[in-house]
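Numbering (the working numbering), first residue to last: 1 to 154.
Beta carbons: idealized from backbone N, C-alpha and C, even for Gly.
Working notes, structure below.
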Amino acid sequence: RLTELALAFGGPTPTATDVAIAMGLVELGAADRVDLHPAEGDALLGRMHSMLIEGVDRMKADATPLPLIAVGGGAFLVPTELEGITEVIHTKHADVANAVGAAIAQVSGEVDRIFQNRSRHEAIAEATVGAQKRAMAAGADADSLTTVEVDDIP
1 RLTELALAFG GPTPTATDVA IAMGLVELGA ADRVDLHPAE GDALLGRMHS MLIEGVDRMK
61 ADATPLPLIA VGGGAFLVPT ELEGITEVIH TKHADVANAV GAAIAQVSGE VDRIFQNRSR
121 HEAIAEATVG AQKRAMAAGA DADSLTTVEV DDIP
């Protein structure tokens, strides 16, 4: 949707990508469609970096600095240095990582339901069949189905 919405692609919505384009961090779309004063661009980049640092800190188990691998369509928005990060790694073809992940991801199905008037065994069997049906409806191959987790609360 970025190519439909971002200013640099003729859309109506200012985006982080527009900021990066206007500030010369990446060549995409039409930079002349993004009217951004350099001081405002610097402030926006600073805010984006702060948001990134906050997000990374929330994901870490503790305050120990760790490396960060930047992947996905917005990888170019990740600066080469970040507070709390030992190394920022920008990989080749980082922009298609999400597509690769989506292509190789396994499909799953889940059932969360209250069963009455059934034995525990019957309830689990019925829930398993329901989860399998959901997985197949999402595109899973019936021959590849495996139950990986069963949680039941009496």
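Drop a sphere of 10 angstroms on the beta-carbon of residue i, count the other beta-carbons inside from all chains shown, and report buried for 16 or more, exposed for fewer.
| i | result |
| --- | --- |
| Ile21 | buried |
| Gly139 | exposed |
| Gly142 | The question names Gly, yet the displayed sequence has Ala at residue 142. That one is exposed. |
| Gly101 | exposed |
| Gly55 | exposed |
| Val71 | buried |
| Thr156 | Only positions 1 to 154 of the chain appear in this structure, which leaves residue 156 out of reach. |
Quick one: residues in its chain with C-beta nearer than 8 Å to the C-beta of residue i, no 5 flanking neighbours on either side, listed in chain order?
| i | result |
| --- | --- |
| Ala75 | His90, Thr91, Ala94, Asp95 and Ala97 |
| His49 | Pro79 and Leu82 |
| Arg118 | Glu126 |
| Glu110 | Ala131 and Arg134 |
| Thr13 | Leu5, Ala6 and Leu7 |
Got a sec? Which residues, its chain only, sit under 7 Å from residue i by beta carbon, not counting five neighbours each side?
| i | result |
| --- | --- |
| Leu45 | Val19 and Met23 |
| Ala30 | Ala8 |
| Asp57 | Gly84 |
| Leu145 | Gln132 and Ala135 |
| Ile53 | Leu82, Glu83 and Gly84 |
Tell me residue i's beta-bridge partners as DSSP assigns them.
| i | result |
| --- | --- |
| Thr13 | Ala6 |
Leaving out the 5 sequence neighbours to the left and right, which residues in its chain are closer than 6 Å to residue i when beta-carbon positions are compared?
| i | result |
| --- | --- |
| Gly73 | Asp95 |
Segment contact flag, the region 32-47 with the region 7-14, C-beta cutoff 8 Å, min 3 pairs: Two segments are said to touch when three or more pairs of C-beta atoms, one from each, lie closer than 8 Å; by this definition the region 32-47 touches the region 7-14.
Stretch-stretch touch, CB-based, cutoff 8 Å, three pairs: the region 111-127 with the region 141-153: Per the Cβ contact rule, the region 111-127 is in contact with the region 141-153 (3 or more Cβ pairs under 8 Å).
Ordered list of alpha helix (DSSP H) runs contained in the region 35-110, each at least 4 residues: Scanning the region 35-110 from its first residue to its last, the whole alpha helix (DSSP H) runs of 4-plus residues come out as 38-59 and 97-104.
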